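A short write-up of the structure that comes next.
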Amino acid sequence: MITVQGLTLHFGQRPMFDDFNFFIGADDRIGLVGRNGAGKSTLLKTLAGVQPFDKGTIGKPKELTLGYLPQEMAHNLELTPWQVAEKAFEEALMLNAQLERIEKDLEKATTDEEAIELATMLAHAHERLNAIGAADHDMQIERMLKGIGFVGDDMHRLMRELSGGWRMRAELARLLLMRPDLLLLDEPTNHLDLPAIQWLEDLLKNYPSALVLISHDKTFLDRLTKRTIEVSNGKLIDRKVPWSQYVELRKIEREQQAAQAKDQQRYIKETEALINKFRAKASKAAFAQSLITKLEKLDRIEVEDEDLRKMLVKFPPAPASGKIVAEVKGVSKAYPDKNDPAKEKRIFRNAELTIAKGEHLALVGANGTGKSTLVRMIMNEEAYEGEIRLGHNVIIGYYAQDMPERMNPQGTVMETAEYAASEENRLRVRAMLGAFMFSGEDVDKKVKVLSGGERARLALCCMLLKPLNFLILDEPTHHLDIQSKDVLKEALKNYDGTFLLVSHDRDFLTGLTTRILELDEYRIRDQHMDILELIEKRKALQTADIGKSSAVQAKAPKQEKSGDQRDKRDRDKERRKVQNNVERLEKQLADLEKEEKELQAAVMKGGMPADQLQKGYERLGDLAQRIAGVMEQWEAASAELEALGQEA
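Written out as structure tokens, the structure is:
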């Protein structure tokens, strides 16, 4: 579909892309990764045709349809989400007009060649029209907007009344309804809650488009991509495996490169010693010269540099606090309804919560359930009914969702950090900034020129420049890259104080917290399970609710005895058939996993020629995809078997 050759782009003296070459096929599912500022979004803009480049070519077919979702975009604020989504079908109107025109031209065709060309155009237009499914677009729009989180009248509110996150959701709905040949998505989960992320993931799994996806959500990348392209220091690294396997492959490659480079350096050293030994002897001068020529022609192995720059976050010891850090007692909260001031939107009703010293808590729930509202109420930034009390000697560090925007844009990095630091930590400011990857001239940059990720790092740094024992973090990973999120997660794991964390990042939350609090039905519910278990539980309940009414309607009246026996025989036959399928898939899964394990051992052992090693990597990628596919079939067959068992 798209062929990129010799793509080069420089920003000043800095090479953003240095002779990039790659191809995007019709079935490709690509995760585009790299550090903040490495050039991921710039590459996506270039593919979308909105970013000029210095040299090279980007070849695409004329008929290619492309859907591009940037991180930030201008919105028509006079439209409603429904009207934005409806724009997806403008192509259908154009295609219908095109069909009429082609049909008329076909009737007037005077040569066979002209008729064949018009017939081909007609077939392509019909194919595209069927692909976007324009016939039932009202139903498609409603289903898409509901899936992405819009409820009832919200679909018909003006975009000016919605937050930036909800505006981006409307644009995402439009893109998905377009069904383009290629989707370019830049951080599509940034403004989504957990249910919407799960919905989008399920939708994109079988979405009939090629996909290039930028995301800092490792779970999202692993479940949706089959190929990883990394942009790093102006270079492009391309491997046919999803993110987690890519990390392991790159580790193995660097280890093997390092071993080969070490062997080569030993050879060079020994050869140079021979040259020095024989250079002065006339009888050996020709031999010494041949060794010199051999060394000059030698291709030197360069070990690819891993970008080792990372945040070095370690929270200072938390000052002692009382056993109870915070208590929420009988708290209620409601907002006036924007559309009808006489009505109110209820957030909490008699909510209760006790946070004990040392607890690591996650606050989860759909958007609009009150997560950020609760955080602001604890911080006394929001009025409420009821009582919220902090415990003895509790010192709060607060990271708000808009914390990067709260900083003075005219202040420098150094000035911002010095202003946030306590008196005893003033001397540690420069060292702490260095730990958050601000060094040298970076500390003199003004906040207004920093990227979103840099502002997020600065805000986190400021929070650590004073003694704290209760951290309240509202979406702290929003602008952080994968490596920085991993570092922050490890630091929070080792933190000896208390924290309350709001996040929609499944991978970040997994294994991090000691307690999950879910906001639902105006209350704060304790959920004694891991975040992934909670997501599956909510998904199952949603499916059960959807199927409940249809199950009641589908319940058949009791049949006569002979009919019952016939039905029983049919059910037994069906159950045996499904049972055989489950057993077949289990054997297939075992064989694939055995092959994967043996191949991994062979690759890890090293010593393979480069061409065999690459084939090994590609086979590992294929095996991972096949295992995932067979596992999905096995889960479906097992669920079917369980359902048949319950009916018996």
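Residue 541 in the numbering used here sits at position 548 of the sequence shown; the count goes up by one each step and never skips. Don't be surprised by glycine CBs; every beta carbon is placed ideally from N, CA and C. Since the model is a prediction, treat every value here as computed from it, not as a measurement.
Short of 7 angstroms from the beta carbon of residue 360, and not among the five residues preceding or following it, lie these beta carbons of its own chain, in chain order: 142 and 186.
Check the Cα spacing between residue 567 and each of 636, 463 and 56: the tightest is with 636. Around the Cβ of residue 462, a 10 Å sphere holds 16 or more other Cβ atoms; the residue is buried.
Here residue 406 carries a helix assignment [DSSP, helix/strand/coil].
When the beta-carbon positions are compared, residue 222 and residue 210 stay at least 8 angstroms from each other.
In terms of Cβ geometry, residue 64 and residue 180 form a close pair [threshold 8 angstroms].
In its chain, beyond the 5 residues on either side, 284, 287 and 288 have a beta carbon closer than 8 angstroms to the beta carbon of residue 264.
According to the DSSP assignment, residue 482 belongs to the alpha helix (DSSP H) that extends over 475 to 486.
An exposed status is given to residue 16, since fewer than 16 other beta-carbon atoms sit within 10 Å of its beta-carbon. For a cut-off of 8 angstroms, the C-beta gap from residue 8 to residue 227 is around 4 angstroms, short enough to register as a contact. When the Cα atoms are used, residue 434 and residue 441 turn out to be separated by approximately 15 angstroms.
The criterion of a C-beta distance shorter than 8 angstroms is not satisfied by residue 49 and residue -4. Runs of beta strand (DSSP E) with 3 or more residues, each lying fully within the stretch 368 to 454, are found at 378 to 383 and 389 to 392, listed in chain order.
With respect to residue 204, residue 176 sits close: the two C-beta atoms are nearer than 8 angstroms. Under the Cβ criterion (8 angstroms, minimum of three pairs), the stretch 59 to 79 counts as touching the stretch 25 to 38. The criterion of a C-beta distance shorter than 8 angstroms is not satisfied by residue 575 and residue 621. Per DSSP, residue 137 is one residue of the alpha helix (DSSP H) stretching across 130 to 140. Per the C-alpha coordinates, the member of 343, 355, 590 and 447 positioned closest to residue 495 is 355. Cβ-Cβ separation between residue 78 and residue 134: approximately 5 angstroms, consistent with a contact (criterion under 8 angstroms). Residue 247 and residue 294 have their alpha carbons spaced roughly 11 angstroms apart.
Nearest neighbour of residue 473 by Cα position, chosen from 460, 455 and 451, turns out to be 451.
In the structure shown, residue 336 falls within a coil segment according to DSSP collapsed to helix, strand and coil. In this structure, residue 174 sits away from residue 25, with a CB-CB distance that is not shorter than 8 angstroms.
When the beta-carbon positions are compared, residue 409 and residue 400 come within less than 8 angstroms of each other. Take the alpha-carbon of residue 277 and the one of residue 270: they are about 9 angstroms apart. For residue 336, same chain residues with a beta-carbon under 7 angstroms away, outside a window of 5 residues either side, are 330 in chain order.
Exclusion of the five residues before and after residue 582 leaves 620, 623, 624 and 627 as the residues of its chain whose Cβ lies within less than 8 angstroms of its Cβ. For residue 223, the enclosing beta strand (DSSP E) starts and ends at 220 to 225. Under the Cβ criterion (8 angstroms, minimum of three pairs), the stretch 304 to 315 counts as touching the stretch 482 to 502. According to DSSP, residue pairing for residue 82 in a beta bridge does not occur. Rounded to the nearest whole angstrom, the CA to CA distance from residue 353 to residue 508 is 7 angstroms. Our two residues, residue 443 and residue 31, have alpha carbons roughly 14 angstroms apart in a direct line. Under the DSSP definition of a beta bridge, residue 315 lacks any partner.
About 7 angstroms separates the beta carbon of residue 363 from that of residue 326, a gap short enough to meet the 8 angstroms contact definition. The DSSP-derived three-state label of residue 527 is helix.
Distance between residue 499 and residue 3, taken at the CA atoms: about 36 angstroms.
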